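Notes to accompany the following structure.
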Amino acid sequence: MPYYYLFWMVPLMIAVSGIAYGVRKIRHFSRTFFGTDNLIEGLQQEKLTASKTPRSLHSMEPVYMPAIRRDFPGLNVDELKRKAERVLLSSLQAISSQKVDLLSSEVPDDIRQRVMTRIAELKEQGLMQYYDQIKLHRTVISDYKKEQGLVRLTFQTALEAFARLEKDGKVISGDANYRSQLIFASYYLYVQDATKVKDRTALGLTCPQCGAPVTSLGTKVCPYCSSMIHEVNMHVWRLTDFRLV
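Per our numbering: the sequence shown = residues 254 to 498.
See the structure below:
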């Protein structure tokens, strides 16, 4: 065999050896982490497992419950949790269908306004945001703060759903075939002493019609749209917002 054949055979043999080595490494990696030689199959198995495993919550209940019981002896924390779950579920269903009238009567005006705003944003952009077949896992206390006459209590809720964002029928984020494991934070506010609240926007009050902030506790008419504002009882725990964590 002429020697010039070596000029193309040697590089070819090196390339084949490199490919074979790479395949062996991929199989070893896939076998080690996924229990199968097929990397694609392993990734699919990993995705399926992740879709069935609830996310871990940042529970601070052992730390904050003693302080909450001391500050509010008669407070039913479990009822606050259940209400946060019901409001969250109702809100996500309304967003999925883009129908505000699906919001339950239990949904506070503050959150109702935020849901209406979110639906309007989605419609303007031609998007659909779905949360299908929602399954709640559990809810825990994640934060508890007292500041300038206000008390804030935050819960985290773990849930799963077929969550996705679509445009023109095409999924642009999320997955229609696998469940997403999600965490939402729900925020409660209690006004202990309104005279100590320096920043009135911190009260979390908004006009139920236009969403403008209400900065005065005695306000009866919205200064922006002139809608009537019902007086709010400050000495109760108010659910003011929820967000995806």
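All C-beta atoms in this analysis are idealised placements derived from N, C-alpha and C, irrespective of residue type, glycine included.
Since the structure is predicted, the reported quantities are computational estimates derived from the model, not experimental observations.
Shown here, GLN378 sits in a helix according to DSSP, grouped into three states. Secondary structure note for VAL330: it is in no beta strand (DSSP E), and the uninterrupted alpha helix (DSSP H) holding it is 330-350. Rounded to the nearest angstrom, the gap between the Cα atoms of HIS488 and VAL444 is 6 Å. The three-state secondary structure of GLU314, taken from DSSP, is helix. Less than 7 Å separates the beta-carbon of ILE387 from that of LEU412. According to the DSSP secondary-structure assignment, PHE325 is paired through a beta bridge with no residue.
In the structure shown, GLN401 adopts coil according to DSSP, grouped into three states. Put simply, the backbone Cα of THR306 is about 31 Å away from that of LYS398.
Less than 7 Å separates the beta-carbon of SER349 from that of TYR384.
Excluding its 5 nearest sequence neighbours in each direction, ILE425 has C-beta neighbours in its own chain below 7 Å: LEU418 and GLU419, listed in chain order. DSSP, reduced to helix, strand and coil, places LEU355 within a helical segment of the structure shown. Boundaries of the beta strand (DSSP E) around ARG491: 491-497. Note that the C-beta distance between LEU435 and THR493 is not below 7 Å. Of the residues VAL360, ARG322, GLN346 and VAL316, the one whose Cα lies closest to the Cα of ARG335 is VAL360.
Nearest in C-alpha terms to VAL404, of all of ASN329, ALA337, ALA447 and HIS311, is ALA447.
Shown here, SER309 sits in coil according to DSSP, grouped into three states, outside any helix or strand.
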